[in-house]
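Colleague: Numbering (my numbering), first residue to last: 3 to 95. Take this structure, written in structure tokens, and hold onto it; I'll ask about it next.
Below, the structure written as structure tokens:
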């Protein structure tokens with residue numbers, strides 16, 4: 003799956019009641035297993051959506067959030083102020 007599909011799947015899983023933890027775990031594993039160059043293909047909006055979905059679902063996944071954090075640190079200038087705020091807030095959740 004591509005970056006946008008993974009982010010969309012995570013948002014959909016987090017929006018369900020109850021949250022689809024299995025889908026979030028599958029998305030998280032796929033993202034955490036990507037190398038840096040594959041993660042660089044994620045647009046800032048996709049990384050923000052993914053982080054926000056995990057936070058909203060209270061799905062604690064350290065490897066995935068670490069991968070998102072590394073991308074944020076390396077590419078912060080690519081994020082809009084709103085994307086930066088949402089992504090940083092997702093880490094606080």
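Ideal Cβ positions, reconstructed from N, Cα and C, are used throughout, including at glycine.
Among 54, 70, 28, 38, whose alpha-carbon lies nearest the alpha-carbon of residue 3?
Modeller: Indexing the chain shown from 1 puts residue 3 at position 1. Ranking 54, 70, 28, 38 by Cα distance to residue 3 puts 28 first.
Colleague: Hey, which unbroken runs of the alpha helix (DSSP H) at 4 residues or more fall wholly within the stretch 68 to 94?
Modeller: The stretch 68 to 94 contains these whole alpha helix (DSSP H) runs: 83 to 94.
Colleague: On the three-pair Cβ rule with 8 Å, is the stretch 40 to 48 touching the stretch 69 to 89?
Modeller: Counting Cβ pairs under 8 Å, three or more are found: they touch.
Colleague: Should residue 53 be labelled buried (16 or more other beta-carbon atoms within 10 Å of its own) or exposed?
Modeller: Start at 1 with the first residue of the chain shown, and residue 53 comes out as number 51. Classification of residue 53: buried, given that the 10 Å Cβ count is 16 or more.
Colleague: Under the assumption that residue 58 contacts residue 16 (Cβ atoms under 8 Å), give the Cβ distance between them as a whole number of angstroms.
Modeller: As a first step, residue 58 is located in the chain shown; it is residue number 56 there, counting from the start. As a first step, residue 16 is located in the chain shown; it is residue number 14 there, counting from the start. Indeed, because the Cβ distance is near 5 Å, the residues count as touching under 8 Å.
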